[in-house]
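Remarks on the structure that follows.
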Amino acid sequence: MADYININGNNIPIRASDPSNPIVGEIWYNTTTNALKGQALSTVGTFASAPSLPVVRAGGMFSVGSTQDAVLSVGSNPAGPPPDYTNRTDVYNGTAWTAGNNIIQPARNSVSSGGASTAAAKMCGGYSGPTPTENVVEDYDGTCFSTAPVMPKGTEAAAGFGTQTAMVVCSGGSIAPFVPPGAPQQTDEWDGATWTTSNPLGRHAQGGASSGSLTAGLFSGGSTNYPGTINVDLSSSYDGTSWTTNNTMNTAKSYQAPSLSGTQTASVIFGGSTPSATNQTEIYDGTCWSNTTTLPSARYAAGGAGTASASLISGGYAPSAISTVDEWIGPGSPVTQTISSS
12 MADYININGN
22 NIPIRASDPS
32 NPIVGEIWYN
42 TTTNALKGQA
52 LSTVGTFASA
62 PSLPVVRAGG
72 MFSVGSTQDA
82 VLSVGSNPAG
92 PPPDYTNRTD
102 VYNGTAWTAG
112 NNIIQPARNS
122 VSSGGASTAA
132 AKMCGGYSGP
142 TPTENVVEDY
152 DGTCFSTAPV
162 MPKGTEAAAG
172 FGTQTAMVVC
182 SGGSIAPFVP
192 PGAPQQTDEW
202 DGATWTTSNP
212 LGRHAQGGAS
222 SGSLTAGLFS
232 GGSTNYPGTI
242 NVDLSSSYDG
252 TSWTTNNTMN
262 TAKSYQAPSL
272 SGTQTASVIF
282 GGSTPSATNQ
292 TEIYDGTCWS
302 NTTTLPSARY
312 AAGGAGTASA
322 SLISGGYAPS
332 AISTVDEWIG
342 PGSPVTQTIS
352 SS
């Protein structure tokens with residue numbers, strides 16, 4: 012057998028503890044654990060517990076953020092069925108949650124969002140209890156909310172993707188009670204100044220998961236009624252003009268938590284209603300959906316933020332509203348492994 016030093020030209024370092032920031036391919040011997048270790052890339056995703064939300068939350072949460080260390084969670088249903096909505100917000104910095112400024116307009120749930128950055132996000136529509144579904148829109152600048160031009164049509168539990176100045180809102184319910192005949196299939200685009208209606212999705216799917224950009228979006232799953240008793244496994248891509256049908260998901264479900272900053276070719280969805288709460292995790296690689304490591308606990312209508320390789324999943328129904336928060340590290344992420352002879 013060849014020696015490591017003859018292959019790589021280096022002695023294996025001997026350490027009392029693992030290095031704090033090893034590079035992929037680095038090898039060392041840990042004298043405390045008496046183990047040979049190395050830094051590699053993971054082949055499966057993993058979950059880790061994170062600090063809980065300050066209050067229980069569920070109901071189609073508005074959460075945005077491009078990493079696990081900067082997440083905004085806004086205006087969800089804190090305790091149960093309508094009309095227990097809230098206009099409070101909470102911000103996560105990677106270590107703890109702190110209260111933020113309230114939303115301005117009616118407290119509501121099942122809103123759609125645009126903008127991966129917690130410094131520039133857009134909150135659209137939602138359901139505010141006994142009143143019709145809202146077409147109100149608010150912008151978030153990292154500190155405060157401000158009113159913005161309303162959408163062409165009120166909607167709740169719609170899908171939103173893109174940025175604060177270039178986003179899409181599609182499908183969703185139109186008025187109480189949630190999904191009447193003729194519920195919207197429309198696609199509305201925001202260009203930073205004006206809302207315009209584009210080509211429709213082609214099916215109604217309330218509570219679907221979305222990610223991507225104005226010209227490269229992804230929409231998956233959803234329900235043809237509330238609260239997700241007739242779910243679909245369909246997935247579609249948007250090119251800025253038209254929708255194209257993709258390969259289906261492995262399971263029909265709605266109200267999954269998306270990796271909102273995922274892309275059209277690299278996204279992940281967590282949990283959902285099948286119609287019972289599920290702990291499934293599905294990854295999309297631009298062609299196919301595949302099942303991967305399951306959530307620590309089943310839930311639906313949770314908040315999702317981050318990318319396909321690093322996401323934060325917060326709250327949800329399980330079946331009651333919860334405050335649980337989990338971090339996701341996707342396949343291909345650096346991981347320390349123990350090297351054995353087998």
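Position in the sequence shown counted from 1, then plus 11, gives you the working numbering.
No residue lacks a Cβ here, since even glycine has one placed at the ideal position from N, Cα and C.
Taking C-beta atoms as the reference points, residue 182 and residue 222 fail to come closer than 8 Å.
Residue state for residue 326 is assigned as coil, using DSSP reduced to three classes. Of the candidates 122, 99 and 252, the residue whose Cα lies closest to the Cα of residue 198 is 252.
Residue 175 places its beta carbon less than 8 Å from that of residue 150. Exclusion of the five residues before and after residue 308 leaves 290, 329 and 335 as the residues of its chain whose Cβ lies within less than 7 Å of its Cβ.
Within the model, the alpha-carbon separation for residue 156 versus residue 98 is close to 11 Å.
The shortest CA-to-CA distance from residue 44 to any of 38, 298, 27 and 35 is the one to 27. Cα atoms of residue 51 and residue 25: separation of roughly 18 Å, rounded to the nearest angstrom. Residue 250 and residue 306 have their C-alpha atoms some 31 Å from each other. Around the beta carbon of residue 146, a 10 Å sphere encloses 16 or more other beta carbons of the protein chains shown; the residue is thus reported as buried. The beta carbon of residue 295 sits closer than 6 Å to the beta carbons of 278 from its chain, once the five residues preceding and following it are set aside; these are given in chain order. The beta carbon of residue 160 sits closer than 7 Å to those of 148 and 206, all from its chain and outside the five residues before and after it, given in chain order.
The beta carbons of residue 314 and residue 84 sit closer together than 8 Å. It is roughly 53 Å from the alpha-carbon of residue 212 to the alpha-carbon of residue 39. Counting only residues of its own chain and dropping the five nearest sequence neighbours on each side, residue 318 has a CB closer than 6 Å to the CB of 270, 272 and 273. Residue environment: residue 55 is assigned as exposed (fewer than 16 neighbouring CB atoms within 10 Å of its CB, all protein chains considered).
By the beta-carbon neighbour count (other beta carbons within 10 angstroms, threshold 16), residue 144 is buried. Rounded to whole angstroms, the gap between the alpha carbons of residue 120 and residue 268 is 14 Å.
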